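Structure first, commentary second.
2 protein chains.
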Amino acid sequence: MKKFTEKGELTRQRILKTAIGLFAKKGFAGTSVDEIVDTTGINKRMVYHYFGSKELLYQEALATEYAKLEALELETLHPDEPVEKVVSSIVSTYFSFLLDNPDFVMLLLQENMNRGLNLDKMEMPLSKSPMLELLIQVVKTGQKNGTVRKNIDPRFLLISLIGNCMIYCSNRFTLSRALAIDLGDKQVLKKACDAVSEILLHGIKA
Amino acid sequence: MKKFTEKGELTRQRILKTAIGLFAKKGFAGTSVDEIVDTTGINKRMVYHYFGSKELLYQEALATEYAKLEALELETLHPDEPVEKVVSSIVSTYFSFLLDNPDFVMLLLQENMNRGLNLDKMEMPLSKSPMLELLIQVVKTGQKNGTVRKNIDPRFLLISLIGNCMIYCSNRFTLSRALAIDLGDKQVLKKACDAVSEILLHGIKA
DNA sequence: CCCGCCTGTAACTATTAAGTTACGCAACTC
DNA sequence: GAGTTGCGTAACTTAATAGTTACAGGCGGG
């Protein structure tokens, strides 16, 4: 990280925050640098001063949002609880995180649609999810004491966990329309979260 | 539909097909009309002649891809089979459809990221999925004869079915990276499909 | 046979895009 | 207090962009 004055750092953060919102809403190609600076009121020159290019600004936006998930994952690990507890807690954690962080969801999807090329350019290891280690452990324990089916693969289980939550954000509008149900409605989402939890819990039970 | 000569219709289709590929790969804003015409070798004027605007061309691309799913859904309905058979057949149908139609997936995700605004502009009812009707029926039957848990909501079940398949496409690159697993590998995907099928089958079983 | 419509080309316009240059101001350092 | 360094503005350049206009060959119906 380069050194900036306090004031400069503030400006930098304002640009970054605005950029995150716009990139999330309109995509990388759909957002112009002019729009970002018009929104912040900061001069365009400063974008290049602090970030170097539109692409680097985008990458920093991506990294910033992704860091939120990693922080969350680290603080929700309870490896000593029984597998049922762990699974339902992961579900509700992801569910509310994704709903509360639409910018994250949008940037993540966008990056996948871009075949992960920005993640390749940055180093971005995407920390081989501590969530996975947790699942491996509790699934193994569960299998030993006979509460979990033998052929559960923790990796596919984790993907299912995420997929069951993500779909409510990633396909919200098409699903709402096709199934005539409002996936923006808090009460519906509460029921959905419970349904996901339940189906997965029964899904892994021996 | 307007009347075009056979030759004209062919040109139209060439433009549309090229546009689908480019819009899917680079997004609406990321694709220029010039790029489409350069790729096809057809003159730009023709895009406006046959489609009216870039946006209308995009909407037609979206509708064309979506029609593929609707066609598939209509041909895979077997309401008289037991619920287990139906669920695992829906899973493998969606799984292979999504993998075989990456353009569809990209356009669908893009449209959701755009809050479904294009679907609003077109009529596009997204036919209240015959899949849902099927599920409602077989779940009810299953609940009557005691093979399916009472509090399974077919709508959330369908969303879970889709979500479990979609996640392998929508988040392929970030998941591959985070879990150190290649979600482009056919064998991995075969196992994934089986894992999804199994977890959901056990998930609904009474 | 010729009028009109469908198909097509090439060159154009007006706007917007990313990125740069020239310049000024304030604060801190030597 | 002269020079350096970071913060900031406005005006600029160069390339692309969506959409248009002028124009023309070919073919079917009157």
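As you go down the protein sequences, you meet chains A and B in turn. Note that the working numbering numbers the first sequence so that position 174 is 174, with each residue one more than the last. Note that the working numbering numbers the second sequence so that position 74 is 1074, with each residue one more than the last. Every residue, glycine too, gets a C-beta built ideally from N, C-alpha and C. Treat the numbers as computed from the prediction; the structure is a model and nothing was measured.
Open item on the list: So that I know if they touch, is there some Cβ in chain B lying closer than 7 Å to that of G27 of chain A?
Closed with: yes
Task: Contact set between T5 of chain A and chain B, taken where Cβ atoms lie within less than 8 Å - done: Ordered by position in chain B, no residue passes the 8 Å Cβ test against T5 of chain A, which lies about 35 Å from the chain.
- [ ] Using a Cβ-Cβ cut-off of 7 Å, state whether D1153 of chain B counts as contacting chain A.
- [x] yes
Open item on the list: At the 7 Å Cβ level, is A1195 of chain B part of the contact set with chain A, yes or no?
Closed with: yes
TODO: In angstroms with no decimal places, state the Cα-to-Cα distance between P1102 of chain B and A1024 of chain B.
DONE: 8 Å
Task: Candidates A:K26, A:I204 and A:K17, of which the one nearest I152 of chain A by Cα - done: A:I204
Task: Test: S160 of chain A CB closer than 7 Å to a CB of chain B - done: yes
Task: Whole-angstrom distance between I1136 of chain B and L1074 of chain B, CA atom to CA atom - done: 16 Å
- [ ] Name, in chain order, the residues that DSSP records as bridge partners for V1148 of chain B.
- [x] B:K1205
Open item on the list: Taking 7 Å as the threshold (beta carbon to beta carbon), is A1019 of chain B in contact with chain A?
Closed with: no
Open item on the list: Am I right that I20 of chain A and E65 of chain A are in contact with their C-beta atoms under 8 Å? What's the rounded C-beta distance?
Closed with: 6 Å
Task: Residue span of the alpha helix (DSSP H) that contains S1089 of chain B, given as start and end - done: V1083 to D1100
Task: E1055 of chain B, enclosing alpha helix (DSSP H) - first and last residue - done: K1054 to E1075
Task: Helix, strand or coil at I181 of chain A [DSSP, three-state] - done: coil
Open item on the list: By the three-class DSSP mapping on this structure, what secondary structure does M1001 of chain B have?
Closed with: Residue placement at M1001 of chain B is poorly supported in this model, since its pLDDT is 47, which falls under 50; the coordinates still yield a value, given next. Looking at M1001 of chain B - three-state DSSP - the assignment turns out to be coil, as it is neither helix nor strand.
- [ ] Quick one: list the residues of chain A neighbouring T1039 of chain B, beta-carbon separation under 7 Å, in chain order.
- [x] Going along chain A, no residue has its Cβ under 7 Å from T1039 of chain B, so there is no contact; the nearest lies around 17 Å.
Task: Same chain, Cβ closer than 7 Å to L108 of chain A, five either side skipped, listed in chain order - done: none
- [ ] Check the Cβ of I1181 of chain B against every Cβ in chain A and list those closer than 8 Å, keeping chain order.
- [x] R155
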